[in-house]
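To start, the structure itself, in structure tokens.
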Amino acid sequence: MLAKTLDQATGQFLDNNKSPSRKVGNIDNRGSHFYLALYWAQALAAQTEDKELQAQFAPVAKAMAENEAKIVAELNAVQGKPVDIGGYYHADADKVSKVMRPSATLNAIIASV
Numbered sequence: 000m001l002a003k004t005l006d007q008a009t010g011q012f013l014d015n016n017k018s019p020s021r022k023v024g025n026i027d028n029r030g031s032h033f034y035l036a037l038y039w040a041q042a043l044a045a046q047t048e049d050k051e052l053q054a055q056f057a058p059v060a061k062a063m064a065e066n067e068a069k070i071v072a073e074l075n076a077v078q079g080k081p082v083d084i085g086g087y088y089h090a091d092a093d094k095v096s097k098v099m100r101p102s103a104t105l106n107a108i109i110a111s112v
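Set out below in structure tokens:
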């Protein structure tokens, strides 16, 4: 079920051209990962073969879709500025997490799963 719905999500991701852009202000890797997660949650919520999985992801898909603009704005707001991650080879995990997970809205939705 997970592979089948991931395949559906990947198709939607490609159809909607949500690949990362090279321009500041457009979605980057963080934004494209959000869209893949959104489409996957929607596919899991829409499938009917596994009712438990459907019930678990229906509120996640709904929350992600309802907050899409806010999440994308939070992700895009941190672009274009140098960041300190505490080193190149031995980066600080807390600093990396703050940089790579800048959307408090998305983080709260993920924490609910």
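Sequence positions in the sequence shown follow numbering that gives the first Met the number 0 and run 0 to 112. In this text, a Cβ means the ideal position worked out from N, Cα and C, and glycines have one as well. Because the structure is a prediction, the values reported are computed rather than measured.
Practice task
Would you kindly check if the distance between the Cβ of Val59 and the Cβ of Val82 is under 7 Å?
Solution key: no
Practice task
For my contact list, Ala155 and Ala44 are in at a C-beta cut-off of 8 Å; report their separation, rounded to the angstrom.
Solution key: Residue 155 lies beyond the residue range present for the chain, which begins at 0 and ends at 112; the question has no answer from this structure.
Handout entry: beta-carbon Tyr34 near the ligand MG non-hydrogen atom, thresh 6 Å
Key = This structure lacks the ligand MG, and indeed carries no ligand of any kind.
Practice task
Tell me where the alpha helix (DSSP H) around Glu73 begins and ends.
Solution key: 67-76
Practice task
Could you give the DSSP three-state label for His89: helix, strand or coil?
Solution key: coil
Practice task
Report the residue from Tyr88, Ile70, Ser111, Tyr38 whose alpha carbon sits nearest the alpha carbon of Asp14.
Solution key: Tyr38
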